[in-house]
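Protein chains in written order, with our numbering: chain A, 10 to 270; chain B, 10 to 270.
Everything on this sheet refers to the single structure shown next.
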DNA sequence: GACCAAGTTTCAAATAGTGAAACCGACGGG
DNA sequence: CCCGTCGGTTTCACTATTTGAAACTTGGTC
């Protein structure tokens with residue numbers, strides 16, 4: 010999380026600092042950040058000041074600790090509403106959840122990682138935003154592989170370079186080669202499996218959400234447990250999932266550019 | 010929204026651009042932003058490039074339109090979880106909603122504006138994040154006035170300077186003087202009313218959430234309609250609301266700085 | 001084929017950012 | 001009571017980054 014290769018300009022550094030503050034789960038002191046960051050004291054200080062002044066961070070006067078500011082929450086709202094697929098997809102997720110009775114995930118790709126932007130839980134009722142925004146690995150999740158499979162070569166390369174290939178379970182595809190073969194299989198099959206590759210007992214069927222021009226804009230998955238379902242049963246849902254994914258894609262396109270062709 | 014007085018440094022400008030993109034409800038073209046912003050072409054172009062490169066914006070290659078990027082969503086999640094009171098307050102909001110059966114708002118102060126960070130709706134079940142993140146005026150809402158009343162002098166001054174004092178309804182306190190008198194009344198009373206000051210027919214009772222040191226960290230309100238309730242009935246709930254606010258304050262403090270005194 | 005609009009690149013001048021070091025106030029021994 | 005230290009803030013000469021007018025592409029239109 011602190012491994013920076015290319016912090017272009019002052020803006021990059023500032024955002025880097027923002028990430029640093031975000032990565033701690035709680036407000037951080039100046040000195041904590043100082044030891045963690047590569048920036049010299051004065052530079053870090055100024056960056057923090059600027060960010061605070063801009064409302065992206067808050068400096069708690071009682072404790073002298075920095076926390077993420079409210080301006081970020083406000084931007085968050087906008088980001089959530091406009092950038093992510095979540096608001097468009099919501100009714101479709103509901104539909105899919107109702108049809109399947111299983112856990113649904115909606116994800117987007119973020120620099121080689123999977124960002125979950127919305128979710129329907131099989132058991133519990135919907136929780137608030139806290140559930141979304143989580144990130145996960147791409148190489149060993151259904152949604153991750155579904156998106157990787159349809160990435161253009163350069164983007165795929167960039168994404169692959171960021172995979173850890175840690176073997177979470179005995180089923181994890183823990184090498185570049187194994188993953189590439191799997192991606193090929195996904196392309197011919199049209200959907201991706203998660204065969205307990207991330208967590209034992211958890212399986213899922215995922216499909217990519219593609220724009221008309223073939224660009225990956227997200228992925229959709231139905232998750233279950235080996236205790237309750239088999240891959241085959243889940244596979245029977247694939248057409249339904251694809252159908253919903255197509256609807257989401259269509260709506261995303263028309264909603265985002267209504268005046269276009 | 011485009012009125013900038015103090016865009017310090019490059020970072021300020023970049024964040025300004027970010028806001029500009031966010032303020033449009035949809036992806037924006039370069040030229041739209043250009044006409045709107047004061048920045049010269051090349052400058053704006055570079056800022057957009059940097060932000061895009063940093064993942065804060067996305068450039069849709071099909072249409073050449075900029076939208077908020079996923080990195081922002083990720084930061085958003087962190088901001089939501091750690092900066093705002095929402096996650097801490099959630100169970101208490103539920104409790105208050107159950108007790109009162111009315112609409113509950115949890116808000117924080119953001120540069121003279123009220124930022125709603127969570128909500129319980131009387132009628133409908135809880136919606137997703139989309140509901141939170143909304144901003145509203147401070148001078149004519151219950152939560153806004155509750156927070157203003159307990160702000161230190163300089164902060165109050167800064168906040169007042171940003172109020173529009175637009176007369177939304179006949180009951181709106183549309184002058185600085187009227188508002189100041191009201192704030193004094195709120196301090197002695199311990200809670201704030203909204204007497205149909207923002208919307209006709211909507212009333213509410215709000216209390217500030219204060220840290221042990223007396224700093225304003227948020228506000229909590231119970232809202233209803235004149236059709237259903239009176240101010241007096243709502244006022245009877247004031248002790249309950251204060252109680253919940255105190256609990257939230259206590260938890261916020263212990264959660265954020267567990268190792269402190 | 002010339003024209004126009006949108007987007008991208010250039011380059012010298014000017015601004016804004018850098019960071020070693022000095023400074024400050026609070027704390028805690030000795 | 002004084003001295004050393006620790007977290008945080010400020011200074012200032014040095015430099016790298018940012019700036020923006022203008023030139024240049026690209027792609028679509030008449």
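Idealized CB from N, CA, C, for every residue including glycine.
Original post:
Do you know whose CA, among A/35, A/126 and A/250, lies nearest residue 75 of chain A's CA?
Top reply: A/35
Original post:
Which residues in the same chain as residue 13 of chain B place their Cβ atom closer than 7 angstroms to its Cβ, once the five residues preceding and following it in sequence are excluded?
Top reply: With a pLDDT of only 41 at residue 13 of chain B, under the threshold of 50, the placement of this residue in the model should not be trusted; the figure read from the coordinates follows. Cβ within range, chain order: 25.
Subject >> Beta-carbon gap between residue 46 of chain A and residue 57 of chain A smaller than 7 angstroms >> reply: no
Original post:
Where do the N-terminal and C-terminal ends of the beta strand (DSSP E) with residue 160 of chain B fall, by residue?
Top reply: Careful: residue 160 of chain B lies outside any beta strand (DSSP E) and carries neither H nor E.
Original post:
Any beta-carbon of chain A closer than 7 angstroms to the one on residue 59 of chain B?
Top reply: yes
**OP:** Tell me whether the beta-carbon of residue 101 of chain B lies closer than 7 angstroms to the beta-carbon of residue 256 of chain B.
**Re:** yes
Original post:
Taking Cβ positions only, does residue 152 of chain A come closer than 7 angstroms to chain B?
Top reply: no
Original post:
Buried or exposed: where does residue 191 of chain B fall if 16 or more other Cβ atoms within 10 Å of its Cβ makes it buried?
Top reply: buried
**OP:** For residue 21 of chain A, return the contacting residues in chain B, with the cut-off set at a CB-CB distance below 9 angstroms.
**Re:** 59, 62 and 63
**OP:** Could you check how far apart the C-beta atoms of residue 216 of chain A and residue 155 of chain A are, in whole angstroms? I think they sit under 8 angstroms.
**Re:** 6 angstroms
**OP:** Name, please, each residue of chain A whose Cβ falls closer than 8 angstroms to the Cβ of residue 220 of chain B.
**Re:** 71
Original post:
Is residue 167 of chain A buried or exposed, if buried means 16 or more other CB atoms sit within 10 Å of its CB?
Top reply: exposed
Subject >> When A/77, A/61 and A/246 are compared against residue 94 of chain B, the one with the closest alpha-carbon >> reply: A/77
Original post:
In terms of residue numbering, what span does the alpha helix (DSSP H) encompassing residue 25 of chain B cover?
Top reply: 18-32
Original post:
Among A/30, A/23, A/51 and A/49, which has the Cα closest to the Cα of residue 65 of chain B?
Top reply: A/23
**OP:** Tell me whether residue 136 of chain B is buried or exposed, calling it buried when 16 or more other Cβ atoms sit within 10 Å of its Cβ.
**Re:** Model confidence at residue 136 of chain B stands at a pLDDT of 43, short of 50, so the residue's coordinates are unreliable and nothing is read from them.
**OP:** Given a cut-off of 7 angstroms, decide if residue 88 of chain A and residue 121 of chain A are closer than it, judged by their beta-carbon atoms.
**Re:** no
Subject >> Exposed unless 16 or more other CB atoms sit within 10 angstroms - verdict on residue 150 of chain A >> reply: buried
Subject >> Within the region 49-89 of chain B, ranges of the beta strand (DSSP E) (whole runs, at least 3 residues) >> reply: 66-69 and 74-77
**OP:** Give a yes or no on whether 7 angstroms exceeds the smallest Cβ distance from residue 37 of chain A to chain B.
**Re:** no
Subject >> Contact with chain B by residue 229 of chain A, beta-carbon distance below 7 angstroms >> reply: no
**OP:** Quick one: residues in its chain with C-beta nearer than 7 angstroms to the C-beta of residue 262 of chain A, no 5 flanking neighbours on either side, listed in chain order?
**Re:** 220 and 221
**OP:** Would you kindly check if the distance between the Cβ of residue 177 of chain B and the Cβ of residue 152 of chain B is under 7 angstroms?
**Re:** no
Subject >> Anticipated Cβ contact below 8 angstroms, residue 165 of chain B with residue 85 of chain A, distance rounded >> reply: That belief does not hold up - the Cβ atoms of residue 165 of chain B and residue 85 of chain A are roughly 27 angstroms apart, past 8 angstroms.
Subject >> Closer than 8 angstroms at the beta carbon, the chain A residues around residue 17 of chain B >> reply: 59, 62 and 63
**OP:** For residue 96 of chain B, collect the residues of the same chain with a Cβ closer than 7 angstroms to its Cβ; drop the 5 residues on either side in sequence, then sort them by chain order.
**Re:** 90
Original post:
Excluding sequence positions up to five away, which residues of its chain have a Cβ less than 7 angstroms from the Cβ of residue 260 of chain B?
Top reply: 97
Original post:
Taking Cβ positions only, does residue 31 of chain A come closer than 7 angstroms to chain B?
Top reply: yes
Original post:
If you draw a straight line from the C-alpha of residue 204 of chain B to the C-alpha of residue 235 of chain B, how long is it?
Top reply: 9 angstroms
Original post:
By the criterion of Cβ-Cβ separation under 7 angstroms, what are the contact partners of residue 41 of chain B in chain A?
Top reply: Correct list: empty, because the minimum Cβ distance to chain A is about 12 angstroms.
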